[in-house]
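Encoded as structure tokens, the structure appears first; notes follow it.
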Amino acid sequence: MADGPIAFELNGRRVATEADARTPLLDVLRESLGLSGPRFGCGEGECGACTVLVDGVPTTSCDLALDAVEGRRVVTVEGLGTPEAPHPLQRAFLDERAAQCGYCVSGILCTAAALLEREPRPTHARIAQALDRHLCRCGAQPRMLRAVRRAAGLPTEPPDDADHGDTTR
Amino acid sequence: MAAGAAPPPVRGFVVERGDGRPQLPGSLHVNRRLDRWLSFAEPGVVVAFTGKAELGQGILTALRLIVAEELDVPIDAVRIMPASTARGPDEGVTSGSLSVQDGGGALRHACAEVRGMARARAAARAGAAVGTAGATDAVQAARATGTGAADGPGDPRDPGGPGDPIRVVDGRFVHADGRVLGDYWTLLSDTDLAVEYAGRHAPKPPGRRTLLGRARPPRVDLPDKVFGRPRYVHDLRLPGMLHGRVLRAPSLRARLASPPDAAIAALPSGVRAFVDGGFVAIVAATSVDADRAAARLRDALAWTGAPALPDAHALPAYLRAAPHEASVVAERGDATLPEGGTVLAAEYFKPYLAHASIGPSCAVAHWDDGRLEVWTHSQGIHNLRDDLAKALPDVPRERIVVHHVEGAGCYGHNGADDVACDAALLAVRCPGAPVRVAWSRADELAHAPFGSAHLVALHARVDDAGRITHWRHAHWSNGYSSRPGRAPVPALLGASQREGAPPLPLPIDPPTAAGGGSQRNAVPGYAVPNLRVTGHRLLEMPLRTSAMRALGAFANVFAIESFVDELAGAVGEDPLAFRLRHLADDARARAVLETVVARSRWWRDARPEGVGRGLAWARYKLSGAWCAVLARVRVGESVRVLDLDLAVDVGTVVDRDGVVAQIEGGAVQATSWTLKEQVAFDRDGVTSTGWASYPVLRFTEVPRVTVHVIDRPDEPSLGAGEAAQGPVAAALGNAVADALGVRVRRLPLTTEHLLQAIHADGEGA
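Chains A and B, in that order, give the protein sequences.
Take 150 as the starting number for the first sequence in the numbering used here and just add one per residue.
Take 108 as the starting number for the second sequence in the numbering used here and just add one per residue.
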């Protein structure tokens, strides 16, 4: 385990923290580094509310030790875009009003951003599968799926035969 | 509570208040002063106050539309202030799908009054004759019909009408001759709004509205949430803030087996522990320290003394056998079943359900200089303040200020009030330092109140002409409300766990006239001449229960609308036609059913093996929104929902997309409840403490949802938030029965319960 501060890139800036190496990344982001986008939901990596991108890969930050991101590139929802220069997904989520309480949204935006980075025009099933690790209790999933489709430049309504992630059909 | 009993003199249930004062629209009745609702102190900005809480339902956005509509100011000029006990109206609890109706209704009338006052000033400047005579009558007429006043075209005494020389454009009063007579801010600059609403100026009639039902402004709260900016109570960071955790007893009556003195002594320096009876908590400088200390102390605690919980697998039998209070909810004709006709009887069951918000409950409290300030995502900040004062006898109520700050999704009485109490109990022990308490995922799933388990027994007779002649309904459940502010003792978990503290009050049922609790929607919406509906409210509470979205309506509508399908099947009639024949007196019910069927793209499609369709409807609370649902499912090893089509009638639509969002979200959540959810517990406590043991619907399981909104601008607005819950459950049950050929009467519709139903059907055949 490294002594001294642990450094990594956060939303394009190099940061260093004296926090204990075993501290969950989520606590470091929220408590030491003053972010509010990544959110605590379960502490066990099961709901996705704390999801950030680590070297472009969606990763739950509540069950990831700080030293695991040493020297790596971390992007949170704050790093995707700003009100002045929103990420296409952020603009689409606002346009589609794609949230109810919104608590799950910052993690979902990170995962969706990684998906569109890899697959600019994903099928409906691929979007649902990519987001399947995220829980939304308010039932805003239909809107979020529409928003991701809109951000990808696809028609917001899925084709009639789309059955989301169902592969048995 | 027996039917017909006088409503309790408490805040929160919306009933006609027999206080001798003229009934004013919505929440205006108890918040009559205009300055409690509106301020024009900041030029160019209309500040509107609300006592209702943004729960993610978009109420701030809807209220903003109402204000902009009634004042004719730009939507962007309206700023809605979050609820606080320090200012603005006391609107009780944000519950019952009443915020647009009561909070919006009040703001609409307050705005109309202020607009009229400003117009009078403008007219004085113009030297024009203004007509307001008769407006009070117009307001009375509008109230009676739920519409605005509509005088004839060209009537000069009709402010805002075609004959009125003064128009309001973007907040400015413009004369027909082109003169700008002033704007709200200049015209009202020396007007005292600290006056009671007098009803002198009627709201706009429907024909003159330009925004309601049409405009789709951005959601007020969403930009912060989409850009990750601080918005939730979880994001509050106050200087010197400490972090508290409470180590909860496994069940309501468990007590510590021995004082955990040694474990407390072993905690790191800087961590303070507090033990008061069964209330065990720690406070630390950082959340990380707090989590670590809580984990260490939790392992050292031993609990004892709790009576065993009921057998989770025999809950229907438990509900029938437990001590209860019986009451007659409704009775007409003679419900004794005569000989002959087709008679059916069936029982339906709903398990305990968890709110299961994605963000565990959180609050901050600050005790400083004899004053307690609390930041909370409670639905009822005034009620919470009442109960905090009961829980802290040394802190007078007037020294407590409670602010609403948004939290994660709220679907009823969850842990919000409890965590605020936790924070307050710790704050008074840490004077001068704000204390933030956050619950764990396990706390949220195990210790927040649940929606009660609920058993419904139905018995009905259909005569040879196919008419339902007799209907008997009985249900058994805990009460559906144990919100703070309504009992002599605090209804706050932490307060009840302290040494010598009284136990939590038993949940009650609001009066039927106020929508009821367990008896909500227990009376079917059909013309049935002979009917008897009885309720049985449990007088013990093994698992803590309170208000959860739709209350008893979820189980009652599931039962009633499933049973109606069974009755239609027994007499060999199409379920839609059977329903319509019994709805001759309810045109709006027929309209939602006929609309949803007529506009469905798949209802008439052929159904391959394993695919079924079902429909259901209800009018929420028998006084709220009408909602009809069509469901299409495929049943293999488990149930997959393919489509949900819904039609809803909420009267005057305010924010159309907001209505769609509430119905859509309600439908998806109800699908989750119906297919997957049940609180698991053993004899010692709740065992569904994580997402693996309390699964909810996932993205790949979400059906296609289509919502049709029937706008009725001449009818009063009705809330949309809870209308879909019961009808969705029943439509899914009916679709599963269509696919399987076997009726599943026990929720959730899991593989286990499907197999039980199939086996029972095989044995009975």
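Ideal Cβ positions, reconstructed from N, Cα and C, are used throughout, including at glycine.
Counting only beta-carbon separations shorter than 8 Å, does residue i have a partner in chain A?
i, result
"Ile465 of chain B", "yes"
"Asp328 of chain B", "yes"
"Lys159 of chain B", "no"
"Ser547 of chain B", "yes"
"Ala657 of chain B", "no"
"Phe806 of chain B", "yes"
"Pro313 of chain B", "no"
"Thr858 of chain B", "no"
So residue i contacts chain B; which residues on that side make the cut at Cβ distance below 8 Å?
i, result
"Pro291 of chain A", "Glu771, Val775, Val809, Arg811 and Val812"
"Thr231 of chain A", "Phe334"
Measure from the C-beta of residue i to each C-beta in chain B and report whether the shortest distance is under 8 Å.
i, result
"Arg267 of chain A", "no"
"Cys253 of chain A", "yes"
"Ala198 of chain A", "yes"
"Asp176 of chain A", "yes"
"Leu303 of chain A", "no"
"Val226 of chain A", "yes"
"Asp281 of chain A", "yes"
"Arg275 of chain A", "no"
"Glu180 of chain A", "yes"
"Gly161 of chain A", "no"
"Leu215 of chain A", "no"
"Arg299 of chain A", "no"
"Arg222 of chain A", "no"
Residue i touches chain A at which residues, Cβ-Cβ below 8 Å?
i, result
"Leu162 of chain B", "Cys250"
"Gly797 of chain B", "Cys191, Glu193 and Glu195"
"Val803 of chain B", "Leu284 and Arg286"
"Pro337 of chain B", "Ser185"
Can you tell me where the beta strand (DSSP E) with residue i in it begins and where it stops?
i, result
"Ala754 of chain B", "Val746 to Asp756"
"Ala165 of chain A", "Arg162 to Thr166"
"Ala738 of chain B", "Trp733 to Val742"
"Trp474 of chain B", "Cys469 to Asp475"
"Trp798 of chain B", "Run containing Trp798 of chain B: none; DSSP gives neither H nor E here."
"Trp724 of chain B", "Val718 to Arg726"
Just to check my reading of the structure: residue i and residue j have Cβ atoms closer than 8 Å, yes? What is that Cβ distance to the nearest angstrom?
i, j, result
"Ala531 of chain B", "Leu499 of chain B", "7 Å"
"Leu491 of chain B", "Asp524 of chain B", "5 Å"
"Val545 of chain B", "Pro467 of chain B", "With the sequence shown as reference, residue 545 of chain B is identified as Ala, and Val is not the correct amino acid for it. Indeed, because the Cβ distance is near 6 Å, the residues count as touching under 8 Å."
"Phe147 of chain B", "Tyr291 of chain B", "5 Å"
Under three-state DSSP, which class holds residue i?
i, result
"Ala373 of chain B", "coil"
"Gly314 of chain B", "helix"
"Arg128 of chain B", "coil"
"Ser134 of chain B", "helix"
"Ala551 of chain B", "Residue identity differs from the one stated: residue 551 of chain B is Glu in this sequence, not Ala. Helix."
"Thr239 of chain B", "Any reading at Thr239 of chain B needs caution, since the residue's pLDDT is 47, under 50, leaving its predicted position unreliable; the model's value is listed next. In this structure, Thr239 of chain B counts as coil in the three-state DSSP scheme."
"Ile865 of chain B", "helix"
"Val544 of chain B", "strand"
"Met293 of chain A", "helix"
"Ile817 of chain B", "strand"
"Phe280 of chain B", "strand"
"Tyr291 of chain B", "helix"
"Ile465 of chain B", "coil"
"Leu854 of chain B", "coil"
Strictly below 7 Å CB to CB, what residues from chain D border residue i?
i, result
"Asp342 of chain B", "Within the model displayed, chain D is absent; protein chains A and B are what it includes."
I'd like the span of the alpha helix (DSSP H) that includes residue i, first residue to last.
i, result
"Tyr425 of chain B", "Leu422 to Ala428"
"Lys62 of chain B", "What is shown of chain B runs 108 to 872, which leaves residue 62 of chain B out entirely."
"Trp780 of chain B", "Arg763 to Lys783"
"Glu505 of chain B", "Element bounds for Glu505 of chain B: n/a, residue is neither H nor E."
"Asp529 of chain B", "Ala523 to Ala534"
"Pro682 of chain B", "Pro682 to Arg688"
Can you list the residues of chain B that residue i reaches, using a CB-CB cut of under 7 Å?
i, result
"Thr172 of chain A", "Val395"
What residues from chain A crowd round residue i, counting only those whose CB sits closer than 7 Å?
i, result
"Asp764 of chain B", "Arg246"
"Pro189 of chain B", "Simply none; closest approach about 15 Å."
Can you pull the chain A neighbours of residue i, defined as C-beta to C-beta under 9 Å?
i, result
"Gly487 of chain B", "Those do not exist, as Gly487 of chain B stays about 18 Å from chain A at its closest Cβ, beyond 9 Å."
Could you work out which residues of chain B lie near residue i, taking near to mean beta carbons separated by less than 9 Å?
i, result
"Leu243 of chain A", "Pro325, Arg326, Leu329, Pro330 and Val333"
"Leu202 of chain A", "Going along chain B, no residue has its Cβ under 9 Å from Leu202 of chain A, so there is no contact; the nearest lies around 13 Å."
"Arg295 of chain A", "Chain B residues near Arg295 of chain A: none, gap ~10 Å exceeds 9 Å."
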